[in-house]
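**Student:** Mind looking over this structure? Questions follow.
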Amino acid sequence: MTKQILLANPRGFCAGVDRAIAIVERAIEKMGAPIYVRHEVVHNKFVVDSLRTKGAIFVNELDEVPDGATVIFSAHGVSKAVQEEAARRGLQVFDATCPLVTKVHLEVARHAKAGREVILIGHAGHPEVEGTLGQYRSASGRIYLVEDVDDVAALQVRDPEQLAYVTQTTLSLDDAGVIIEALKRRFSHIEGPR
Numbered sequence: 000m001t002k003q004i005l006l007a008n009p010r011g012f013c014a015g016v017d018r019a020i021a022i023v024e025r026a027i028e029k030m031g032a033p034i035y036v037r038h039e040v041v042h043n044k045f046v047v048d049s050l051r052t053k054g055a056i057f058v059n060e061l062d063e064v065p066d067g068a069t070v071i072f073s074a075h076g077v078s079k080a081v082q083e084e085a086a087r088r089g090l091q092v093f094d095a096t097c098p099l100v101t102k103v104h105l106e107v108a109r110h111a112k113a114g115r116e117v118i119l120i121g122h123a124g125h126p127e128v129e130g131t132l133g134q135y136r137s138a139s140g141r142i143y144l145v146e147d148v149d150d151v152a153a154l155q156v157r158d159p160e161q162l163a164y165v166t167q168t169t170l171s172l173d174d175a176g177v178i179i180e181a182l183k184r185r186f187s188h189i190e191g192p193r
């Protein structure tokens, strides 16, 4: 039996990545090279190499950026500590954080301010997850990372009545949905994103 594979056309990047690429290109055009970019703007070698040839220098951490230089935060977003370090060092910042990631960051900050602990569904070590974890600031609570249903079962929270969850924006709906259902079964009062 012959199977047919259908490919969506046109395919391309999400709007957040398109926006980040455009920000890097405009910054190079307006400011001149070099422009430092914290983390690659997209997991695509051809795009990254093209931006490098135009004058982008991709770095993993701000300590690789000279004081006073221009730096762009990738679509993945950054933690509050990274934002504060950039300001302290006088870096000129262009924030290319995806608006959907920014929405998650604002949700985390809102929950922290309200005294809720937050559960982030995502992949450890992913730049978006690192940035989101770094948005939580509360003296009375915590943010927890869960990657799968087993993590939900092992989770120890301070107050099950004061919980909220957010998700990494690039997770598949199917994968995140299974974890969300496990959270709702275990923590009946958990609050989801608005």
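Residue numbers for the sequence shown follow numbering that gives the first Met the number 0, beginning at 0 and rising by one.
Each residue gets a CB set at the ideal place from its N, CA and C atoms; glycine is no exception.
#1: For T69, which beta-bridge partners are listed by DSSP?
#2: For V58, which residues does DSSP report across the bridge?
#3: Who pairs with V117 in a beta bridge, going by DSSP?
#4: Name the residue from K79, F72, D149 whose alpha carbon lies nearest to the alpha carbon of R136.
#5: Considering only the beta carbon of each residue, do G126 and H188 sit closer than 7 Å?
#6: Among residues of its own chain, excluding the 5 on either side of F12, which ones have a beta-carbon nearer than 7 Å to its beta-carbon?
#7: Which partner residues of E129 appear in the DSSP bridge assignment?
#8: Here's the rule I'm using: 16 or more other beta-carbon atoms within 10 Å means buried, otherwise exposed. How should G73 be labelled?
#9: Using a Cβ-Cβ cutoff of less than 8 Å, which residues in the same chain neighbour L61 once the five nearest sequence positions on both sides are dropped?
**Tutor:** From the atom records:
#1: Q91
#2: R37
#3: I142, A163
#4: K79
#5: Note on identity: in this sequence residue 126 is Pro, with Gly being the wrong assignment. Not closer than 7 Å, so no.
#6: V41
#7: Looking at the DSSP assignment, E129 forms no beta bridge with any residue, so it has no partner.
#8: One point to set straight first is that residue 73 is Ser, not Gly, in the sequence displayed. When all chains shown are included, S73 counts as buried.
#9: R37, V70, V81, E84, A85, R88, L90
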